[in-house]
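Down below is the structure, laid out as structure tokens.
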Amino acid sequence: MSLEMTMAITILNVDDSKLARIVVGKVVAALQPDWRRLEASTADEALGLLEQQTVDIVILDFNMPGRNGLDLAEDLRQRFPDMPIALATANVQDEVIARARAAKVTFVPKPVTEEGLRGFLSGAALALR
Numbered sequence: 002m003s004l005e006m007t008m009a010i011t012i013l014n015v016d017d018s019k020l021a022r023i024v025v026g027k028v029v030a031a032l033q034p035d036w037r038r039l040e041a042s043t044a045d046e047a048l049g050l051l052e053q054q055t056v057d058i059v060i061l062d063f064n065m066p067g068r069n070g071l072d073l074a075e076d077l078r079q080r081f082p083d084m085p086i087a088l089a090t091a092n093v094q095d096e097v098i099a100r101a102r103a104a105k106v107t108f109v110p111k112p113v114t115e116e117g118l119r120g121f122l123s124g125a126a127l128a129l130r
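Each residue of the sequence shown is one higher than the one before, starting from 2 at the first, in my numbering.
Structure, rendered in structure tokens:
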């Protein structure tokens, strides 16, 4: 059995919208069917999951109640310097873009599509090899 078979990649999808989580989940399943998919509806829930288990990749919604996705991304970047992180948002203001770039966070346009997520996921898969 190869090493890749034993190391399932786990992706965490954080969005306060159940529908948005379903859409991202379906896209990830279509592009990377072998990956384990976890979901959280808030930044705090996401942090709780990250305390309990290993997560390799995170996709964050920007607008969430409590802490927004960019605040969470900046926090995660300090704790996990090499983790692939994407911010899924329709909010593309200059300040948001600048902060995302500074935190090495990839933009994924909403609504999320296979086309929009493919580059991020294939780049993440390569980075994790």
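We put the beta carbon where it would ideally sit given N, CA and C, even for glycine.
Rounded to whole angstroms, D17 and R68 show a C-alpha spacing of 11 Å.
Taking 8 Å as the cut-off, the beta carbon of P85 is found no closer than this to the beta carbon of G26.
Bounds of any alpha helix (DSSP H) do not take in V56, whose DSSP letter is neither H nor E. Secondary structure note for A99: its alpha helix (DSSP H) is the uninterrupted segment 95 to 103. According to the DSSP assignment, F121 belongs to the alpha helix (DSSP H) that extends over 115 to 129. Excluding its 5 nearest sequence neighbours in each direction, A9 has C-beta neighbours in its own chain below 8 Å: D35, W36, R37, listed in chain order.
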